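Student: Can you read through this structure? Questions will come right after.
Numbering (our numbering), first residue to last: 11 to 148.
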């Protein structure tokens, strides 16, 4: 084709764009929701597949798993957290989540150099100032 004959760089770029396109289409197929199935019987993708579902801007959220479940702020055990891409950019790819403490409805954990807090107000970096207490929050 004309692009391939003209310049090798354009040919390489074309292959990359085409590969990205078909890869994204395949990932989308794996993440479709079967709306015709009853919710309790629907099968979800196996966590061992290691797939990464990207945002429309191309950034991927980071899934982290604590060594064991801990009691969360809503009296339910939690073990897996999804960190937004903008909060996990500084975390090395091979970093492992480490529990710092879990008490009184607050879970604190570290992933690489970053520390996070999960409480009744949600998940946030520990460095962020804690929100002011508001009697209407409860």
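Heads up, the beta-carbon is just placed ideally off N, CA and C, and yes, glycines get one too. Here the structure is a predicted model, which is why all the values come from computation and not from measurement.
Residue 107 and residue 119 - do their beta-carbons sit closer together than 7 Å?
Tutor: Closer than 7 Å, so yes.
Student: Pop quiz: residue 135 and residue 122 are said to be a contact at Cβ under 8 Å. What is the actual Cβ separation, rounded to whole angstroms?
Tutor: Actually they are not in contact, since the Cβ atoms of residue 135 and residue 122 sit about 12 Å apart, beyond 8 Å.
Student: Would residue 83 and residue 129 qualify as a contact pair, given that the criterion is a beta-carbon distance under 7 Å?
Tutor: Yes, these two residues count as a Cβ contact at 7 Å.
Student: May I have the straight-line CA-CA distance separating residue 131 from residue 86, to the nearest angstrom?
Tutor: Those two C-alpha atoms are separated by around 15 Å.
Student: Note down, in chain order, each residue of its chain lying with its Cβ closer than 6 Å to the Cβ of residue 72, except the 5 sequence neighbours on either side.
Tutor: Only 93 and 98 meet the Cβ criterion.
Student: Give every residue of the same chain whose Cβ lies closer than 8 Å to the Cβ of residue 100, excluding the five residues on either side of it in the sequence, and list them in chain order.
Tutor: Answer for residue 100: 122, 123 and 124, listed in chain order.
Student: Distance, Cα to Cα, residue 137 vs residue 115?
Tutor: Between residue 137 and residue 115, the C-alpha separation is close to 19 Å.
Student: Along the alpha helix (DSSP H) that carries residue 30, what are the first and last residues, could you check?
Tutor: Note, residue 30: alpha helix (DSSP H), 18–40.
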